[in-house]
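Enquirer:
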Amino acid sequence: MIAVLIPAHNEAEVIGRCLASVCHAANHPELDEAVIVVVASDRCTDATADIAASFGACVIQVPMPGGVGLARATAAERAIALGADWLAITDADSEVPSDWLFQQRALQTDAFCGVVEVSDWLDYAPGTACAFEASEPVGVDHGRIHGANMGVSVASYLRCGGFSDATSSEDVALVKALQAFGARIAWSPYPVVRTSARRQAKASGGFSQFLQRLELSLMQAQAKPLAPMHGEPVPNATEAEG
């Protein structure tokens, strides 16, 4: 049985689209096994839990102090208790393709690390999308780790110690732990998960802050004056202003 794990902190505006895409993936015609969805409600004060329950998800409350690492770990614990042998992992602001679960299983590895694409660049500076695409390898063995597009067998998850309760980079820590014992990891360019470029991060050091750092680097590079060509006089302050 596959369990889809979704941590959620006040995600009422977006989690419906995420769950609709997961339900579509769970009904893939070539996927011949049961799928459960576990939503870890992390200190939610909105309708996140109610929306998740309306999709038939198993909704659990994350113990204090909360945080994305503890949310993923709590969801995994419940999924394992319910009999899952594969954990498919995404985020509440993401949408998975219809073959997301089928392709993970078809890889027949201990774990899967996929790539993401941004669904809406909102008000990001021009060029940020191109900079992100350049930073996101799409070939086999891409080496990227995204909590919005991962999968791991329960056996390997338990062997490496599972998710830590860190408030950020818990996905990276899990993959490093898997690598430490020689797990077979598929660094596959497909399937691709669509995720948001929202500026208000739900976790420190996560994807949102990565995009903002990328944008800042791009803007700084664009603002840096070009060095004069060899033999070209450097204008003084008065000439530059005129």
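In terms of the numbering used here, the sequence shown is numbered consecutively and its last residue is 1253.
The C-beta atom is built at its ideal place from N, Cα and C for all residues, glycine as well.
Considering only C-alpha positions, which residue in the set V1186, E1147, E1181 and A1082 is nearest to R1195?
Expert: If we check each option's Cα against that of R1195, V1186 comes out closest.
Enquirer: Please report how far the alpha carbon of A1234 lies from the alpha carbon of A1208, in whole angstroms.
Expert: Roughly 23 Å separates the two Cα atoms.
Enquirer: Express the C-alpha separation of L1016 and L1098 in angstroms, rounding to a whole number.
Expert: Straight-line Cα distance between these residues: approximately 7 Å.
Enquirer: Check whether the stretch 1114-1134 and the stretch 1080-1093 touch, using three or more Cβ-Cβ pairs below 8 Å as the test.
Expert: The stretch 1114-1134, when compared against the stretch 1080-1093, does not touch it at the 8 Å Cβ threshold.
Enquirer: Under the assumption that A1188 contacts G1172 (Cβ atoms under 8 Å), give the Cβ distance between them as a whole number of angstroms.
Expert: Indeed they touch by this definition, with Cβ atoms about 6 Å apart.
Enquirer: Just to confirm, are I1071 and V1049 a CB contact at a threshold of 8 Å?
Expert: Yes, Cβ-Cβ distance for I1071 and V1049 is below 8 Å.
Enquirer: Could you check the C-alpha separation between R1170 and A1084 for me, to the nearest Å?
Expert: Cα to Cα, R1170 sits roughly 14 Å from A1084.
Enquirer: Using a Cβ-Cβ cutoff of less than 8 Å, which residues in the same chain neighbour M1012 once the five nearest sequence positions on both sides are dropped?
Expert: Closer than 8 Å at Cβ, skipping near neighbours: E1044, A1045, V1046, I1047, L1093, G1094, A1095, D1096 and W1097.
Enquirer: What do you reckon, are the CB atoms on P1202 and P1076 nearer than 8 Å?
Expert: Contact: no.
Enquirer: Rounded to the nearest angstrom, what separates T1139 and A1103 at their Cα positions?
Expert: The straight-line gap from Cα to Cα measures roughly 23 Å.
Enquirer: Between which two residues does the alpha helix (DSSP H) harbouring E1088 extend?
Expert: First-last of the alpha helix (DSSP H) with E1088: V1079 to A1092.
Enquirer: Using C-beta distances below 6 Å, list every residue in its chain close to A1037, excluding the 5 sequence neighbours before and after it, in chain order.
Expert: Excluding sequence neighbours, A1037 sits near V1046.
Enquirer: Pick from F1066, A1191 and A1087: whose alpha carbon is nearest that of V1073?
Expert: Among F1066, A1191 and A1087, the Cα nearest to that of V1073 belongs to A1087.
Enquirer: Counting along the chain, where does the alpha helix (DSSP H) carrying G1162 start and finish?
Expert: G1162 -> not in any alpha helix (DSSP H); beta strand (DSSP E) instead, spanning M1161 to S1164.
Enquirer: Put W1198 into one of helix, strand or coil per three-state DSSP.
Expert: Strand at W1198.
Enquirer: Can you tell me the Cα-Cα spacing of I1062 and E1022, whole angstroms?
Expert: Their Cα atoms are separated by approximately 9 Å.
Enquirer: Closest to R1205 by CA distance: which of S1105, F1066 and L1042 is it?
Expert: It is S1105.
Enquirer: Under a three-way DSSP split, which group does S1175 fall into?
Expert: Three-state result, S1175: coil.
Enquirer: Tell me which same chain residues have a C-beta within less than 7 Å of the C-beta of F1192, skipping the five on either side of it?
Expert: Cβ within range, chain order: R1170 and C1171.
Enquirer: Please say whether D1152 and W1198 have beta carbons closer to each other than 8 Å?
Expert: Contact: yes.
Enquirer: Residues in the same chain with beta-carbon distance under 7 Å from S1032, minus the five sequence neighbours each way, listed in chain order, please.
Expert: Around S1032: E1106 and V1107.
Enquirer: Looking at C-alpha atoms only, which residue of A1232, Q1190 and A1014 is the closest neighbour of T1101?
Expert: Cα-wise, what sits closest to T1101 is A1014.
Enquirer: Using a threshold of 8 Å, state whether the C-beta atoms of M1176 and G1080 are closer than that.
Expert: As written in the sequence, residue 1176 is Asp, which differs from the Met given in the question. Result yes, Cβ atoms of D1176 and G1080 sit closer than 8 Å.
Enquirer: Name the residue from A1159, D1134, L1042 and A1058 whose alpha carbon lies nearest to the alpha carbon of F1113.
Expert: Nearest option by C-alpha distance: L1042.
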